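Inspection log for the structure reproduced underneath, given as structure tokens.
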Amino acid sequence: MTEPVHAIFGRPLGAPVPRGYEEIVLGMGCYWGVERLFWQQDGVWLTEVGFAGGTAPDPTYKQVCAGGTGHAEVVRVVYDPSRLSIEQILKIFWENHDPTQGNRQGNDVGDQYRSVIFTTTDSQRIAAETSRTDYDNRLAVEGFGGITTEIAPLTRFYRAPEEDHQQYLHKVPNGYCGLRGTGVQASSAAAVHEAVTGEGDGNPEPSPSSSGGSSVVAGAGGAA
1 MTEPVHAIFG
11 RPLGAPVPRG
21 YEEIVLGMGC
31 YWGVERLFWQ
41 QDGVWLTEVG
51 FAGGTAPDPT
61 YKQVCAGGTG
71 HAEVVRVVYD
81 PSRLSIEQIL
91 KIFWENHDPT
101 QGNRQGNDVG
111 DQYRSVIFTT
121 TDSQRIAAET
131 SRTDYDNRLA
141 VEGFGGITTE
151 IAPLTRFYRA
161 PEEDHQQYLH
171 KVPNGYCGLR
181 GTGVQASSAA
191 AVHEAVTGEG
201 DGNPEPSPSS
211 SGGSSVVAGA
221 GGAA
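Numbering follows my numbering, with no gaps: position 222 of the sequence shown is 222.
Structure (structure tokens):
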């Protein structure tokens, strides 16, 4: 059976990662807005929505929403690290949702909306853990609770079988987008890279937000 094609990039969904590229799987609440946020980034080669982190094989959206699968709504992001670094991706990730809310994002409640980072390389994991510690400190200064984001190696990504959910906000531009950041700025990508590699003093400093890293305004409709 022919794989469906990405509505923006024109590439088959489920395509293998090209040589020299990487993939990471991110959960920030309702996956519609998250996918749009990342397909807009220069250096992203492919995005697709789906589920990860649970136990049920090949889940549907309805099964995940009903509870009991353990899966989070996530986006698979395939990117060119020579154009978009993992540190840039993480800055966008932290600044565009509230990672302190546990099993919810705003009015979207349930463990499928939890904040997650599923990594595919050791360097991604180290960068994610370093940036989480740094952003947790920044949130605490502003009076927020502790970060609840799960960071773990990716075991399996299940693409959402509902094709209308893929690139949903391209097909329905005024559809629902639940992304809401805390307003707290993350460290610059360069500063986090220095902290990870030891090339700097290990103390990330504030910097302006990355391009494309601002919160996306929600439209009308219900959550994914």
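The beta-carbon is built from N, C-alpha and C at its ideal position, and this holds for glycine as well.
Here the structure is a predicted model, which is why all the values come from computation and not from measurement.
Candidates N96, E95 and S115: which alpha carbon is nearest N103's?
For the purposes of this step, residue 103 is taken as the residue at position 103 of the sequence shown. Among N96, E95 and S115, the Cα nearest to that of N103 is on S115.
Report the partner residues of I8 according to the DSSP bridge assignment.
Here residue 8 refers to the residue found at position 8 when the sequence shown is read from its first residue. When beta bridges are read from the DSSP output, I8 appears opposite no residue.
Separation of T121 from V5, as counted between CA atoms
For this step, residue 5 is matched to residue 5 along the sequence shown. For this step, residue 121 is matched to residue 121 along the sequence shown. Here the alpha carbon of V5 sits roughly 26 Å from the alpha carbon of T121.
Pick helix, strand or coil for Y168, following the three-state DSSP scheme.
Here residue 168 is taken as the residue at index 168 of the sequence shown, counted from 1. Helix at Y168.
Assess, as a yes-or-no matter, whether the region 178 to 192 is touched by the region 132 to 150 under the definition of 3 or more beta carbon pairs within less than 8 Å.
Short answer: they touch.
So, T130 versus A195, is the Cβ gap smaller than 7 Å?
Position 130 of the sequence shown, counted from the start, is the residue given in the question as residue 130. Position 195 of the sequence shown, counted from the start, is the residue given in the question as residue 195. In this structure, A195 lies closer than 7 Å to T130 by Cβ.
Neighbour-count burial assignment, E35, 16 or more Cβ in a 10 Å radius:
For the purposes of this step, residue 35 is taken as the residue at position 35 of the sequence shown. By the neighbour-count criterion, in which 16 or more other beta carbons inside 10 Å mark a residue as buried, E35 falls on the buried side.
Between which residues of its own chain and A7 is the CB-CB distance below 6 Å, once the five residues before and five after are set aside?
For the purposes of this step, residue 7 is taken as the residue at position 7 of the sequence shown. Leaving aside the five residues that flank A7 on each side, the residues in its chain whose CB is nearer than 6 Å to its CB run, in chain order, Q167 and H170.
How far does the alpha helix (DSSP H) with F144 in it reach, from first residue to last?
The residue labelled residue 144 in the question sits at position 144 within the sequence shown. Per DSSP, F144 belongs to no alpha helix (DSSP H) and is neither H nor E.
Under the three-state reduction of DSSP, which class applies to V196: helix, strand or coil?
As a working note, residue 196 is residue 196 in the sequence shown. If DSSP states are grouped into helix, strand and coil, V196 belongs with the helices.
Burial state of E199 (16 or more Cβ within 10 Å)
Against the sequence shown, residue 199 aligns to sequence position 199. Counting Cβ neighbours within 10 Å, E199 comes out exposed, since fewer than 16 surround it.
Have a look at G67, L46 and S188 and flag the residue whose alpha-carbon is nearest the alpha-carbon of A56.
The residue given as residue 56 occupies position 56 in the sequence shown. The option with the nearest alpha carbon to A56 is G67.
Would you call the CB atoms of V78 and E3 closer than 7 Å?
Working through the sequence shown from its first residue, we reach residue 78 at position 78. Working through the sequence shown from its first residue, we reach residue 3 at position 3. No, the Cβ-Cβ distance between V78 and E3 is not below 7 Å.
Considering R76, what are the terminal residues of the beta strand (DSSP E) in which it resides?
Within the sequence shown, numbered from 1, the residue matching residue 76 stands at position 76. R76: member of the beta strand (DSSP E) spanning A72 to Y79, first to last residue.
Out of G43, R125 and I117, point me to the one whose CA is closest to H71's CA.
For the purposes of this step, residue 71 is taken as the residue at position 71 of the sequence shown. Distance check between H71 and each of G43, R125 and I117 places I117 closest, using alpha-carbon atoms only.
Would you say A186 reaches chain B, if we count a Cβ-Cβ gap shorter than 7 Å as a contact?
Here there is only one protein chain, and chain B is not present.
If you draw a straight line from the C-alpha of P99 to the C-alpha of D136, how long is it?
The count along the sequence shown starts at 1 and reaches residue 99 at position 99. The count along the sequence shown starts at 1 and reaches residue 136 at position 136. So the two alpha carbons sit approximately 9 Å from each other.
Per DSSP, cross-strand counterpart(s) of G27
Residue 27 sits at position 27 when you count from the first residue of the sequence shown. DSSP output for G27 lists V116 as bridge partner(s).
Specify the secondary structure class of V34 as computed by DSSP and reduced to three states.
Locating residue 34 in the sequence shown gives position 34, counting from the first residue. Look at V34 here: in three-state DSSP terms it is helix.
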